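A.B. asks:
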Amino acid sequence: DGGITQSPKYLFRKEGQNVTLSCEQNLNHDAMYWYRQDPGQGLRLIYYSQIVNDFQKGDIAEGYSVSREKKESFPLTVTSAQKNPTAFYLCASSIVGGADEQYFGPGTRLTVT
Amino acid sequence: DAKTTQPPSMDCAEGRAANLPCNHSTISGNEYVYWYRQIHSQGPQYIIHGLKNNETNEMASLIITEDRKSSTLILPHATLRDTAVYYCIVRVAAGNQGGKLIFGQGTELSVKP
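Taken in order, these protein sequences are the chains called U and Z.
Going by the working numbering, 4 is the number at position 4 of the first sequence; the sequence numbering is gapless.
Going by the working numbering, 128 is the number at position 15 of the second sequence; the sequence numbering is gapless.
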């Protein structure tokens, strides 16, 4: 089956620890995105990448880092510098160019205490 | 990207048509109208998009007014599984903006038996 996978579904960390969230897609999409969602809110863009080895900051990139070494993978690291890391994190992918829709993964719910 | 305005919540009886409105009075000529929905604690799901013509697919119909300042998403025969938050988004095609989706608060649709 083609799609986007995110793991794990739930993640718990202690404050001050870095944590990396996984996102993998087998849709052969060039573009990948990370969003954050807080309770009762819409999604906000953290980082996006349109091609391997290149990525751009979104609206709320502070305290996060990404890498794009492979087309299929776009891991997100939540660093200790992120002041409010507890949130629902969503990864998406799309083709590049034209009116392309984005396909979302199931999300990872991160809780930092 | 243009801003959208949606009612915060709507109810619909099961089996009836659900008509979800969206205002986007500042939409530009090259911006598309997209609809996504998000069932609780899942990733958003793409529904439909259009530029200026009405569109229909297996999930829904999208009616865009002639001046493009508003649109309506129609679920022709709503079921309980259509209960979700529906997001109306306007944006340019991906290009060098990276395909950023700007999510507002959306409309929480409750389909009742």
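Glycine included, every Cβ here is placed at the ideal spot set by N, Cα and C.
Note that the coordinates shown come from a computational prediction; the quantities given were computed from them, not determined experimentally.
Hey, quick one: how far does the beta strand (DSSP E) through U:Asp-49 stretch, first residue to last?
C.D. replies: Asp is not the amino acid found at residue 49 of chain U; the sequence shown has Ser there. Element bounds for U:Ser-49: 43-51.
A.B. asks: Out of U:Arg-44, U:Pro-106 and U:Leu-76, which has the shortest C-alpha to C-alpha gap to Z:His-153?
C.D. replies: If we check each option's Cα against that of Z:His-153, U:Pro-106 comes out closest.
A.B. asks: If you check the beta carbons only, do Z:Glu-127 and Z:Ala-191 fall under 8 Å apart?
C.D. replies: In this structure, Z:Ala-191 lies closer than 8 Å to Z:Glu-127 by Cβ.
A.B. asks: Against Z:Pro-121, what residues of chain U qualify as contacts under a CB-to-CB distance less than 8 Å, listed in chain order?
C.D. replies: Those do not exist, as Z:Pro-121 stays about 10 Å from chain U at its closest Cβ, beyond 8 Å.
A.B. asks: What's the C-alpha gap between Z:Thr-178 and U:Lys-83?
C.D. replies: Straight-line Cα distance between these residues: approximately 43 Å.
A.B. asks: What's the C-alpha gap between Z:Met-123 and Z:Cys-135?
C.D. replies: Those two C-alpha atoms are separated by around 13 Å.
A.B. asks: Use the C-beta contact count for Z:Gln-151: other C-beta atoms within 10 angstroms, 16 or more gives buried, fewer gives exposed.
C.D. replies: Buried, since its Cβ has 16 or more Cβ neighbours within 10 Å.
A.B. asks: According to DSSP, is U:Asp-100 helix, strand or coil?
C.D. replies: Note: U:Asp-100 maps to coil in three-state DSSP.
A.B. asks: From Z:Ile-160 to Z:Tyr-199, what distance separates their C-alpha atoms?
C.D. replies: Taking the straight line joining both Cα atoms gives about 9 Å.
A.B. asks: Among U:Gly-42, U:Met-32 and U:Phe-104, which one has its Cα closest to the Cα of U:Asp-54?
C.D. replies: Comparing Cα-Cα distances from U:Asp-54 to each of U:Gly-42, U:Met-32 and U:Phe-104, the minimum goes to U:Met-32.
A.B. asks: Cβ of Z:Ser-184 within 8 Å of Cβ of Z:Val-146?
C.D. replies: Contact: yes.
A.B. asks: For U:Val-17, is the classification buried or exposed, using 16 other Cβ atoms within 10 angstroms of its Cβ as the cut-off for buried?
C.D. replies: Looking at the sequence itself, residue 17 of chain U is Gln, so the reference to Val does not match. Under this definition U:Gln-17 is an exposed residue.
A.B. asks: Would you grab the beta carbon distance between Z:Leu-214 and U:Gln-102 for me? Rounded to a whole angstrom, and I think it's under 8 Å.
C.D. replies: Their Cβ separation, rounded to whole angstroms, is 6 Å, which keeps Z:Leu-214 and U:Gln-102 in contact under 8 Å.
A.B. asks: Taking the straight line between their C-alpha atoms, what separation do you get for Z:Gly-217 and Z:Ser-138?
C.D. replies: Rounded to the nearest angstrom, the two C-alpha atoms are 15 Å apart.
A.B. asks: Give the DSSP-derived three-state secondary structure of U:Arg-68 in the structure shown.
C.D. replies: Residue state, collapsed to three classes: coil.
A.B. asks: Determine which residues share a DSSP beta bridge with Z:Met-123 and list them.
C.D. replies: DSSP lists Z:Leu-222 as partners of Z:Met-123.
A.B. asks: Quick check on the DSSP output: the beta strand (DSSP E) that includes Z:Met-172 runs from which residue to which?
C.D. replies: Premise fails: Z:Met-172 is in no beta strand (DSSP E) and is neither H nor E.
A.B. asks: What three-state label does DSSP hand U:Arg-13 in the structure shown?
C.D. replies: DSSP places U:Arg-13 in strand when its eight states are reduced to three.
A.B. asks: What does the alpha-carbon distance come out to for the pair U:Thr-20 and Z:Cys-125?
C.D. replies: Cα to Cα, U:Thr-20 sits roughly 41 Å from Z:Cys-125.
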